[in-house]
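Protein chains in written order, with the working numbering: chain C, 18 to 441; chain Y, 129 to 447. No residue lacks a Cβ here, since even glycine has one placed at the ideal position from N, Cα and C. Worksheet: the structure to be examined is printed underneath.
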Amino acid sequence: MKLAIVNGLVCDPVAETLTPGGVWIAEGKIVATGSPPPDFTPQRELDARGGVIAPGLIDLSVCLREPGFESKGTIASETRAAVAGGVTTVCALPETQPVADTPAVIELIRERAELAARARVVPVGALTCGLAGERLSEMHALGEAGCRAVGNAGRPLANPLVWRRALEYAATYGLTVFVRPQDPWLAAGGCAHEGEVATRLGLAGIPASAETVAVAQILALVADSGARVHFSCLSTARAAAMVGAAAADGLPVTCDVAAHQLHLTEQALEGFDASVHLAPPLRTLDDRDGLRRALAGGTVTAVCSDHRPHEEDAKLNVFAATEPGAAGLETLLPLLLALVDEGILTLPQALARLTAGPAGVLGLEGGRLQPGAPADVIVIDTGACWPVDADHWHSRGRNTPFWGQTLKGKVRYTLVGGRIVHPG
Amino acid sequence: MSRTLQLDAGGRLRHFLTIEGLGRDWLERIMDTAESFESVAAQKVKKVPLLRGKTVVNLFFETSTRTRTTFELAAKRLSADVLNINVAVSATAKGESLLDTVRNLEAMGVDMFVVRHAESGAAHFIARHVAPHVSVVNAGDGRHAHPTQAMLDMFTIRRHKRDFSRLTVAIVGDILHSRVARSQIHALNTLGAREVRVVAPRTLLPVAVERLGVRVCHDLDAGLEDVDVVIMLRLQKERMQGALLPSEREFYRCFGLTAARLRQARPDCLVMHPGPINRGVEIASEVADGSRSVILEQVGHGIAIRMAVMALALGAVQG
């Protein structure tokens with residue numbers, strides 16, 4: 018199928034440019050950008066007038082919930098939500114039931130993703146068996162089954178020696194290790210940032226040091242093991258600075274933050290709103306601003322949704338007893354575009370943190386618009402406003418702090434491998 | 129948020145969940161109303177018909193004999209029908225959700241829930257989900273709030289000291305885990321106390337506690353200097369296990385209120401404690417039973433304050 022997307026502003030997130038033109042696609046790959054290639058007769062033409070043509074978004078932290086938690090979401094429902102939000106590649110976290118610690122589970126996820134035929138799904142394998150933190154998973158087999166990364170989904174490992182061995186073993190097979198840094202002892206029992214608001218509300222706190230201590234420990238072990246580590250969902254400015262300094266020193270480390278951390282702070286806990294029961298917790302205004310600076314300065318190269326859909330009951334309880342997490346695939350792009358409106362990022366920078374940045378973490382082919390690359394492309398109406406409500410929502414999980422709000426930035430088209438998957 | 133949840137559109141008290149967000153006028157109104165109820169206990173028939181025909185449910189997800197009993201007595205003295213439900217051994221033990229428990233009781237025509245729960249925010253959660261005619265009174269939620277306890281403490285202080293603006297009050301002990309302390313701090317600041325001090329080792333103080341409007345002291349002698357009121361908090365034995373304290377002995381040595389220590393305070397200093405007391409852990413018997421102690425008075429005031437809160441929230445007296 019030959020396809021042309023024309024009359025838009027084409028975003029190159031690598032060069033961080035925005036130029037009028039189009040994208041021409043054949044056989045699922047991009048054949049040209051800017052001007053049409055010679056002798057190209059498209060079978061279909063998409064008009065991107067008034068919109069921005071960009072690479073499809075790559076989300077490094079997504080819980081698809083299948084297998085095991087289908088009441089919260091399925092691969093079909095959540096990849097539908099992904100493409101509606103412009104996300105063409107999701108990294109599926111291993112917190113499934115059974116845990117994604119065997120090739121069989123990885124294959125099942127891939128098969129279901131192919132059946133759903135929406136976004137690309139890149140499974141992240143479990144670092145340890147059952148995510149129990151004791152025995153190493155069969156990482157070589159997981160790699161052969163299609164995992165590019167392994168992680169322990171924020172669950173603790175038995176001790177630093179197991180961490181060291183896990184990093185060394187993953188490095189043997191060139192697997193990136195995803196680390197959600199949180200010291201389990203310092204965080205034990207907590208459900209909110211240990212700060213002024215948690216003190217007032219009487220919520221058990223998770224100190225910022227729970228994150229920085231864990232980052233420091235892993236950085237020391239990276240220096241020993243040479244493993245490639247990606248820190249997921251940082252919540253403190255200090256942790257981002259530590260990763261940035263380590264990367265500048267030559268350690269193979271990267272990091273991302275979840276989009277909601279760039280907007281919300283501990284203040285959102287007022288009234289015990291369970292939709293902001295998140296892990297890691299919302300931090301201080303200083304942290305939020307520090308993360309924004311780290312994002313603008315390039316220390317944080319990727320922004321993820323940390324998509325965690327829940328059924329209604331999971332959030333219908335006393336704050337600490339609710340399950341943490343927000344459904345974020347569909348708000349990811351608008352939350353980054355809001356940073357453009359606030360002057361924190363340019364539009365190409367914002368899109369780079371959602372495309373080329375995350376692609377670079379895993380060495381994925383997508384995330385850029387250039388001839389030969391997979392035709393994972395989106396067209397965005399950057400000025401279009403939409404209400405976050407049942408009529409405009411695709412995820413099975415409606416657990417978002419932004420429910421009922423109006424967000425700016427809507428995806429007009431999403432293409433995966435040259436196929437239009439949204440609207441579809 | 130708390131104010132909008134607690135007060136209805138007409139500015140009347142609908143729920144009583146926390147002191148925070150309520151103005152001084154409301155706290156004084158509650159105390160004034162309690163004052164008017166004090167005489168009920170002295171009557172031959174200790175009842176007034178203000179809540180006749182109303183049903184109050186004491187919904188206790190956490191055991192508490194003293195608080196439950198005073199709420200029960202308060203409701204009965206207002207002539208309400210009272211149900212006591214110890215949820216820890218009933219519905220939720222069978223897997224029923226908190227909200228289903230509340231909705232089932234609500235379907236039986238309940239007018240007020242008095243809620244005690246181990247998690248902060250439980251009373252807020254229930255208040256957000258009950259029918260418009262149902263009121264919720266927080267009888268203690270996690271570490272968050274115990275507003276009726278704080279109000280009976282304020283009532284006791286007012287009885288003895290009248291003017292809050294000249295008072296220095298020290299709250300001593302486990303501030304970190306104390307819902308009582310949080311509510312007392314809000315109440316004292318709202319009522320205009322000159323200074324509120326918290327006295328504890330760093331391990332028993334929550335982060336940024338000074339933002340609540342208190343002065344922090346780690347030394348009891350300094351903390352008691354010239355105070356008008358000292359409120360001792362109960363120290364739970366499990367605090368020794370979490371590396372929060374080395375031992376009860378050391379805590380008593382550093383933060384236990386003894387007669388000798390009390391000499392740092394003003395000569396007419398009141399000694400208070402929300403109970404139950406750990407004698408020889410946070411307070412010496414001679415102080416707990418001494419002439420400055422108003423601990424038993426606090427218990428008696430608890431009934432009048434709870435009558436006032438119930439009557440105001442159910443519109444039986446004008447707020």
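Cutoff 8 Å: residue i Cβ touching any chain Y Cβ
{"i": "L220/C", "result": "yes"}
{"i": "L238/C", "result": "no"}
{"i": "G207/C", "result": "no"}
{"i": "A338/C", "result": "yes"}
{"i": "T253/C", "result": "no"}
{"i": "G421/C", "result": "no"}
C-alpha distance - residue i paired with residue j, whole-angstrom precision
{"i": "A369/C", "j": "P115/C", "result": "34 Å"}
{"i": "A109/C", "j": "L268/C", "result": "25 Å"}
{"i": "T423/C", "j": "L286/C", "result": "20 Å"}
{"i": "A215/C", "j": "E338/Y", "result": "13 Å"}
{"i": "P374/Y", "j": "H272/Y", "result": "26 Å"}
{"i": "F289/C", "j": "G389/C", "result": "50 Å"}
{"i": "G102/C", "j": "L350/C", "result": "7 Å"}
{"i": "W403/C", "j": "A255/Y", "result": "31 Å"}
{"i": "S249/C", "j": "E328/C", "result": "24 Å"}
{"i": "M129/Y", "j": "L333/C", "result": "Confidence is the limiting factor: at M129/Y the pLDDT is only 49, short of 50, which leaves the residue's position unreliable and the question unanswerable from this model."}
{"i": "D273/C", "j": "L192/C", "result": "18 Å"}
{"i": "L295/Y", "j": "I223/C", "result": "35 Å"}
{"i": "A376/C", "j": "A258/C", "result": "22 Å"}
Neighbour flag for residue i against chain C, beta carbons, 8 Å
{"i": "E247/Y", "result": "yes"}
{"i": "L231/Y", "result": "Contrary to the premise, residue 231/Y reads as Arg rather than Leu in this sequence. By this cut-off, R231/Y is not an interface position."}
{"i": "R310/Y", "result": "yes"}
{"i": "P334/Y", "result": "yes"}
{"i": "L226/Y", "result": "yes"}
{"i": "R434/Y", "result": "no"}
{"i": "V243/Y", "result": "no"}
{"i": "H272/Y", "result": "yes"}
{"i": "R307/Y", "result": "yes"}
{"i": "V437/Y", "result": "no"}
Assigned secondary structure, residue i (DSSP; H/G/I helix, E/B strand, else coil)
{"i": "H409/C", "result": "helix"}
{"i": "M18/C", "result": "coil"}
{"i": "A444/Y", "result": "coil"}
{"i": "T34/C", "result": "strand"}
{"i": "R137/C", "result": "strand"}
{"i": "T331/Y", "result": "helix"}
{"i": "F336/C", "result": "helix"}
{"i": "S88/C", "result": "coil"}
{"i": "H314/Y", "result": "helix"}
{"i": "M129/Y", "result": "Because the pLDDT at M129/Y is just 49, under 50, the model does not fix this residue reliably, and the value given afterwards should be weighed accordingly. Here M129/Y sits in coil by DSSP."}
{"i": "L187/Y", "result": "strand"}
{"i": "D118/C", "result": "coil"}
Proximity to residue i [Cα-Cα], best of the options
{"i": "R181/C", "options": "L238/C, L144/C, M259/C", "result": "L238/C"}
{"i": "Y430/C", "options": "C402/C, V394/C, T417/C", "result": "V394/C"}
{"i": "G38/C", "options": "G150/C, L353/C, V23/C", "result": "V23/C"}
{"i": "H274/Y", "options": "K289/Y, H261/Y, A250/Y", "result": "A250/Y"}
{"i": "H314/Y", "options": "L155/Y, I147/Y, A412/Y", "result": "I147/Y"}
{"i": "P402/Y", "options": "E353/Y, D302/Y, N317/Y", "result": "D302/Y"}
{"i": "R367/Y", "options": "E247/Y, E410/Y, A202/Y, L352/Y", "result": "E410/Y"}
{"i": "S78/C", "options": "A355/C, R197/C, R217/C", "result": "R197/C"}
{"i": "E376/Y", "options": "A393/Y, E190/Y, G408/Y", "result": "G408/Y"}
{"i": "F292/Y", "options": "L319/Y, S306/Y, V308/Y", "result": "L319/Y"}
{"i": "I431/Y", "options": "K175/Y, D136/Y, G138/Y", "result": "K175/Y"}
{"i": "A225/C", "options": "S52/C, T113/C, Q199/C", "result": "Q199/C"}
{"i": "A208/Y", "options": "P177/Y, T195/Y, E190/Y, T229/Y", "result": "P177/Y"}
{"i": "A170/C", "options": "T282/C, L148/C, T229/C, G314/C", "result": "L148/C"}
{"i": "D239/Y", "options": "A267/Y, A259/Y, G223/Y", "result": "A259/Y"}
{"i": "M279/Y", "options": "G443/Y, M438/Y, E190/Y, H245/Y", "result": "M438/Y"}
Within chain Y, partners of residue i - CB distance below 8 Å
{"i": "L333/C", "result": "S225, L227"}
Residues that residue i contacts on chain Y, provided the C-beta gap is smaller than 7 Å
{"i": "R129/C", "result": "Within 7 Å Cβ-Cβ: nothing; R129/C doesn't reach chain Y, min ~31 Å."}
Within chain C, the residues that residue i reaches when beta carbons sit closer than 9 Å
{"i": "L340/Y", "result": "E213, T216, R217"}
Proximal chain C residues relative to residue i, where beta-carbon distance stays under 8 Å
{"i": "V337/Y", "result": "T216"}
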